[in-house]
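Peer 1:
Numbering (my numbering), first residue to last: 967 to 1294.
#1: Would you call the region 1203–1211 in contact with the region 1091–1106, where contact means no fewer than 3 C-beta pairs closer than 8 Å?
#2: Indicate the three-state DSSP secondary structure (helix, strand or coil) for residue 1047 in the structure shown.
#3: Could you tell me if residue 1287 is buried or exposed, where buried requires 16 or more neighbouring beta carbons within 10 angstroms of its beta carbon?
#4: Determine the direct distance from the alpha carbon of residue 1279 to that of residue 1261, and round the result to whole angstroms.
#5: Check whether the Cβ atoms of residue 1210 and residue 1266 lie closer than 8 Å to each other.
#6: Going by DSSP, what residue range makes up the alpha helix (DSSP H) through residue 1127?
#7: With DSSP as the reference, label residue 972 as helix, strand or coil.
#8: Exposed or buried, what is residue 1213 when buried is set at 16 or more other beta-carbons lying within 10 Å of its beta-carbon?
#9: What three-state label does DSSP hand residue 1090 in the structure shown?
#10: According to DSSP, simplified to helix, strand and coil, what is residue 1038?
#11: Assuming residue 1179 is part of the alpha helix (DSSP H), what are its boundary residues?
#12: Run the CB neighbour count on residue 1130, radius 10 Å, all protein chains shown included, and call it buried at 16 or more, exposed below.
#13: Comparing C-alpha positions only, which one of 1048, 1021, 1042, 1030 sits nearest to residue 1177?
#14: Assess, as a yes-or-no matter, whether the region 1117–1127 is touched by the region 1216–1229 under the definition of 3 or more beta carbon pairs within less than 8 Å.
#15: Where does residue 1285 land, buried or exposed, given buried means 16+ other C-beta within 10 angstroms?
#16: Pull up the distance between the alpha-carbon of residue 1034 and that of residue 1132, whole angstroms please.
#17: Cα-Cα, which of 1041, 1202, 1022 is closest to residue 1107?
#18: What's the C-alpha gap between residue 1283 and residue 1273?
#19: Report yes if the CB atom of residue 1248 is closer than 8 Å to the CB atom of residue 1109, and no otherwise.
#20: Given residue 1227, which residues of its chain have a CB within under 6 Å of its CB, disregarding the five upstream and five downstream residues?
#21: Measuring CB to CB, does residue 1067 end up less than 8 Å from residue 1088?
#22: What is the DSSP secondary structure of residue 1080, reduced to helix, strand or coil?
#23: Alpha carbon to alpha carbon, how far is residue 1054 from residue 1199?
#24: Give the DSSP-derived three-state secondary structure of residue 1190 in the structure shown.
#25: Under the three-state reduction of DSSP, which class applies to residue 978: helix, strand or coil?
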């Protein structure tokens, strides 16, 4: 009896170690690629710092970049408010507090554990476990929006290929289309999934059964807000590029930004300091086809990370501290 109880635990622990080392290896490759690209262009990180020092931080683009940061996270809070009301109706202020607390806790914790925990701790309901389902739907909507716009960006990239489209691009495009179709089917058949008789699905029923309670209107509203948020931080990316002197034709900018966020969505992050490194490496690879200097790209993407991630995290730390006090 004891051996049967410990075998799954060893297997789970071994799986966690494999995932950890795979992500660590991917992080090492990402950092190596960034350093290699800088060296190949005869630059280093001092060049990035030089661009940062010479940028006009009192210009209109810099002001807009900062102004859109609270808009970005207010939209995420609105999406969370729409979806969590099936568990507990909360105000937009409370939703914002939960989102920021989750962002701060997710800064270092693995996967989406920290983000979900921060949001759940801000709820007063006894049915907090159902909030996990709401958090999964919220994250799924943002993922779905990124895949949707990323598919459009990849299609634009395929159209601009003049020497034949690589097979990998067609395979990725097909996989993205199938993912979108699977998402639509899952939303359409959400009641069937919630009442499924498969034993392995019933095991997690209490967590995600709340998904079956959403009306089509609620789901479309949530997806609309997720899309608007995607367009918001895409506009921030465009502004950051302009701030550091990167001015490409609109079609190329649209394609590049969409591909970068697609890569950031499908490439697993180590979650060290959030997604720092993934967006940078992807941006170097995507915008490299237009011969954009690496220091300018890194300056733009690091600015996005500071504005959109680090600043809200510092604000979220206050709410994490407040949550701990209220739970003591």
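Here a beta-carbon is modelled for each residue, glycine too, at the ideal position from N, C-alpha and C.
Peer 2: Reading off the structure:
#1: Result no; under three Cβ-Cβ pairs closer than 8 Å.
#2: As a position in the chain shown, residue 1047 is number 81, starting the count at 1. DSSP places residue 1047 in helix when its eight states are reduced to three.
#3: If you number the chain shown from 1, residue 1287 lands on position 321. With a threshold of 16 other beta carbon atoms within 10 Å, residue 1287 falls short and is exposed.
#4: Translated into positions along the chain shown, residue 1261 becomes position 295. Translated into positions along the chain shown, residue 1279 becomes position 313. Our two residues, residue 1261 and residue 1279, have alpha carbons roughly 25 Å apart in a direct line.
#5: Here residue 1210 refers to the residue found at position 244 when the chain shown is read from its first residue. Here residue 1266 refers to the residue found at position 300 when the chain shown is read from its first residue. Going by C-beta atoms, residue 1210 is nearer than 8 Å to residue 1266.
#6: In the chain shown, the residue the question calls residue 1127 occupies position 161. It is not in any alpha helix (DSSP H) - residue 1127 carries neither H nor E in the DSSP assignment.
#7: As a position in the chain shown, residue 972 is number 6, starting the count at 1. Annotation note: pLDDT 42 at residue 972 (below 50); position unreliable, no value reported.
#8: Locating residue 1213 in the chain shown gives position 247, where the first residue counts as 1. By the neighbour-count rule (16 or more Cβ atoms within 10 Å), residue 1213 is not buried but exposed.
#9: What you label residue 1090 is simply residue 124 of the chain shown in a count that begins at 1. In the three-state scheme derived from DSSP, where H, G and I count as helix and E and B as strand, residue 1090 is classed as coil.
#10: Here residue 1038 is taken as the residue at index 72 of the chain shown, counted from 1. Note: residue 1038 maps to helix in three-state DSSP.
#11: Position 213 of the chain shown holds residue 1179. Neither: residue 1179 is in no alpha helix (DSSP H) and is coded neither H nor E.
#12: Taking the first residue of the chain shown as 1, we reach residue 1130 at position 164. The residue in question, residue 1130, is exposed, as its Cβ has fewer than 16 Cβ neighbours within 10 Å.
#13: Translated into positions along the chain shown, residue 1177 becomes position 211. Nearest option by C-alpha distance: 1048.
#14: With a cut-off of 8 Å, the region 1117–1127 and the region 1216–1229 count as touching, because enough Cβ pairs lie within range.
#15: Locating residue 1285 in the chain shown gives position 319, counting from the first residue. Residue burial is scored here from C-beta neighbours: residue 1285 has at least 16 other C-beta atoms within 10 angstroms and is therefore classed as buried.
#16: Taking the chain shown and counting its residues from 1, the one referred to as residue 1034 is at position 68. Taking the chain shown and counting its residues from 1, the one referred to as residue 1132 is at position 166. Using only the alpha carbons, I get a separation of about 37 Å.
#17: Here residue 1107 corresponds to residue number 141 of the chain shown, with the count starting at 1. Measuring from the Cα of residue 1107, the nearest candidate turns out to be 1041.
#18: Translated into the one-based positions of the chain shown, residue 1283 becomes position 317. Translated into the one-based positions of the chain shown, residue 1273 becomes position 307. For residue 1283 and residue 1273, the distance between alpha carbons rounds to 16 Å.
#19: By one-based count along the chain shown, residue 1248 stands at place 282. By one-based count along the chain shown, residue 1109 stands at place 143. Going by C-beta atoms, residue 1248 is not nearer than 8 Å to residue 1109.
#20: Position 261 of the chain shown, counting from 1, holds the residue named residue 1227. For residue 1227, the CB contacts under 6 Å within the same chain, skipping 5 residues up- and downstream, are 1112 in chain order.
#21: Residue numbering aside, residue 1067 sits at position 101 when the chain shown is read from its first letter. Residue numbering aside, residue 1088 sits at position 122 when the chain shown is read from its first letter. A contact, by the Cβ cut-off of 8 Å.
#22: Looking up residue 1080 in the chain shown gives position 114. Correct three-state label for residue 1080: helix.
#23: One-based indexing of the chain shown puts residue 1054 at position 88. One-based indexing of the chain shown puts residue 1199 at position 233. When only Cα atoms are considered, residue 1054 and residue 1199 end up about 28 Å apart.
#24: Taking the chain shown and counting its residues from 1, the one referred to as residue 1190 is at position 224. The answer is helix: DSSP assigns residue 1190 an H, G or I state.
#25: Taking the chain shown and counting its residues from 1, the one referred to as residue 978 is at position 12. A caution first: residue 978 carries a pLDDT of 47, below 50, which makes its placement in the model unreliable, though a value can still be read off. Note: residue 978 maps to helix in three-state DSSP.
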